[in-house]
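Worksheet: one structure, shown below.
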Amino acid sequence: MTHIAIFGTGAVGATVGSFLHETGAKVTFISRGKPLEVMKANGLTVHYKDNQKIVHADFVSEHDDFGTPDIILLTVKSYDLPSIAANVANHTSKDTLIIPMINGIPWWHFYGLKGSLENFALSGLDPEGLLAKHIPLSQVLGGVIYVDATMEAPGVVRHRITPKIKIGEPKGKISTRLETLAALFAKAGMENVASPDIRSEIWLKLAWNVCFNPISVLTGATSGPIATDPGTRKLCTLMMQELHALAEKIGIRFALDVEERLAIGVKGGTHKPSMLQDFEAGKRMEIEGIIGAIVEISEKIGYPTPNIATVHALLHEKATIHLPQQTRT
Numbered sequence: 003m004t005h006i007a008i009f010g011t012g013a014v015g016a017t018v019g020s021f022l023h024e025t026g027a028k029v030t031f032i033s034r035g036k037p038l039e040v041m042k043a044n045g046l047t048v049h050y051k052d053n054q055k056i057v058h059a060d061f062v063s064e065h066d067d068f069g070t071p072d073i074i075l076l077t078v079k080s081y082d083l084p085s086i087a088a089n090v091a092n093h094t095s096k097d098t099l100i101i102p103m104i105n106g107i108p109w110w111h112f113y114g115l116k117g118s119l120e121n122f123a124l125s126g127l128d129p130e131g132l133l134a135k136h137i138p139l140s141q142v143l144g145g146v147i148y149v150d151a152t153m154e155a156p157g158v159v160r161h162r163i164t165p166k167i168k169i170g171e172p173k174g175k176i177s178t179r180l181e182t183l184a185a186l187f188a189k190a191g192m193e194n195v196a197s198p199d200i201r202s203e204i205w206l207k208l209a210w211n212v213c214f215n216p217i218s219v220l221t222g223a224t225s226g227p228i229a230t231d232p233g234t235r236k237l238c239t240l241m242m243q244e245l246h247a248l249a250e251k252i253g254i255r256f257a258l259d260v261e262e263r264l265a266i267g268v269k270g271g272t273h274k275p276s277m278l279q280d281f282e283a284g285k286r287m288e289i290e291g292i293i294g295a296i297v298e299i300s301e302k303i304g305y306p307t308p309n310i311a312t313v314h315a316l317l318h319e320k321a322t323i324h325l326p327q328q329t330r331t
């Protein structure tokens, strides 16, 4: 029986884990606090449309011994990854696959990427080098997930679409282990693609996040107004174009249709991007993964991204003033 451990039972981890549980795999959910207490007592409640199901699985804390899983999914916020790195290592064998499913640029981004930035470490994502120290990059697969889900209460998740997942080897091949993992996601009923170029998938998703997320915090606007107001629409366009040009400078190729990305925002209407949700809840935001890493790469290679840099600076200042727990970098 395949053993899957999920670090982070928020909306993404809970949703993906509930699908994987349907395959008959052993799924261990690592959580803490009230959510853990509720799930241990009642299971994980999953709502989709008018349907409800209860997932009864292993719900443990990060301090429990849950063995060495075959697969570890990292679905915590990107800024929490360094704090769990040692614990991930403690539950990793030489055969364990580790798949981060996080927003933005991952810490492993330049591992095995040919060129002048090969193996360059992004300091904003791993400031103390804990991820590099504890997590073997040879066992990491890249992951990109599209899911619309929210935690309605501790231990209660609602998802509105079937998760769409793209996974790939950092070194860009279609390996046996990648195909095996893709087959598992397919068995679980999730749409998935085994990508030969996972970085292009990461940057394509980032093209939307890099502008809509920060602008939503700076303005308080939801996706629809950001995409339709002439001023913010123009700013989004410029930021996407800068991101695309920067990607090409470091050897990342992906087709960017700006109008298509903006249309996603229009369709989103009153949807609040995740960063705005966190800001309004007084929670720390994923600034470094979504936009800070782009500024760091830009400065590293000397290729300016002025609109992205300006929005990043404004966002950091707002976070510093309004969110005491937000670390300035």
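Count along the sequence shown from 1, add 2, and you get the number used in my numbering. C-beta atoms are modelled at their ideal positions from N, C-alpha and C, and glycine is treated no differently.
Can you name, in chain order, every residue of its own chain whose Cβ lies under 7 Å from the Cβ of residue i, other than the five neighbours on each side?
i, result
"Asn89", "Glu64"
"Pro37", "Thr11, Pro156 and Gly157"
"Phe21", "Pro165, Ala190, Gly191 and Met192"
"Leu133", "Leu83, Pro84, Ala87 and Trp109"
"Thr17", "Val149, Ala151, Val159, His161 and Pro165"
"Arg179", "Leu99"
"Leu316", "Leu220"
Which value, in whole angstroms, describes the spacing of the CA atoms of residue i and residue j?
i, j, result
"Leu127", "Val159", "28 Å"
"Ile323", "Gly191", "43 Å"
"Asp67", "Asn44", "21 Å"
"Leu139", "Tyr113", "7 Å"
"Gly131", "Ala91", "14 Å"
"Val268", "Ser33", "35 Å"
"Ile137", "Ala87", "7 Å"
"Ser95", "Pro308", "44 Å"
"Val146", "Asp60", "25 Å"
"Leu258", "Glu24", "35 Å"
"Val195", "Asn53", "27 Å"
"Glu154", "Ala188", "27 Å"
"Ala321", "Ile292", "14 Å"
"Phe175", "Leu143", "First, the amino acid is wrong: residue 175 is Lys here, not Phe. Taking the straight line from one Cα to the other gives about 11 Å."
"Ser225", "Ser80", "22 Å"
"Arg235", "His318", "21 Å"
"Lys274", "Ala223", "8 Å"
"Thr182", "Leu75", "15 Å"
"Asn211", "Thr30", "30 Å"
"Val14", "Ile8", "10 Å"
"Leu124", "Lys135", "14 Å"
"Val48", "Met41", "11 Å"
Can you find the residues in the same chain that come closer than 6 Å, C-beta to C-beta, to residue i, ignoring five residues on each side of it along the sequence?
i, result
"Val260", "Thr239 and Met242"
"Leu373", "Since the first and last residues shown for the chain are 3 and 331, residue 373 lies out of range."
"Ala249", "Trp205"
"Glu290", "Gly126 and Leu127"
"Ser177", "Glu171"
Assign residue i to one of three DSSP states: helix, strand, or coil.
i, result
"Ala184", "helix"
"Gly170", "strand"
"Leu325", "coil"
"Pro165", "coil"
"Ile8", "strand"
"Asp60", "strand"
"Leu46", "strand"
"Met41", "helix"
"Tyr305", "coil"
"Lys28", "strand"
"Leu317", "helix"
"Ala2", "Lying outside 3 to 331, the shown extent of the chain, residue 2 is not represented and no answer is given."
"Arg179", "helix"
"Arg160", "strand"
"Lys96", "coil"
"Lys116", "coil"
"Lys189", "helix"
Determine the extent of the alpha helix (DSSP H) in which residue i is found, giving its start and end residues.
i, result
"Val14", "Ala13 to His23"
"Val212", "Ile200 to Thr221"
"Asn92", "Leu83 to Asn92"
"Asp280", "Ser276 to Glu282"
"Lys285", "Here Lys285 belongs to no alpha helix (DSSP H), and DSSP marks it neither H nor E."
"Glu261", "Val260 to Gly270"
"Pro232", "Pro232 to Lys251"
"His136", "Leu132 to His136"
Looking at the secondary structure, which residues open and close the beta strand (DSSP E) in which residue i lies?
i, result
"Pro108", "Pro108 -> no beta strand (DSSP E), and no H or E assigned at all."
"Leu76", "Ile73 to Leu76"
"Glu154", "Ala151 to Ala155"
"Ile101", "Leu99 to Pro102"
"Ile147", "Gly144 to Tyr148"
"Glu193", "Glu193 to Ser197"
Using C-beta distances below 8 Å, list every residue in its chain close to residue i, excluding the 5 sequence neighbours before and after it, in chain order.
i, result
"Ser276", "Asn105, Asn215 and Glu288"
"Tyr50", "Arg160, His161 and Arg162"
"Thr4", "Thr25, Ala27, Lys28, Asp72, Ile73 and Leu186"
"Leu237", "Cys213, Ile217, Asn309 and Val313"
"Tyr305", "Ala247, Leu248 and Lys251"
"Lys116", "Gly253"
"Leu325", "Phe281, Gly284, Lys285, Arg286 and Met287"
"Ser118", "Ile303"
Inspect the CB distances between the region 95–111 and the region 255–271 and report whether three or more fall short of 8 Å. no
Decide if the region 194–202 is in contact with the region 163–178; the criterion is three or more beta carbon pairs, one per stretch, under 8 Å apart. yes
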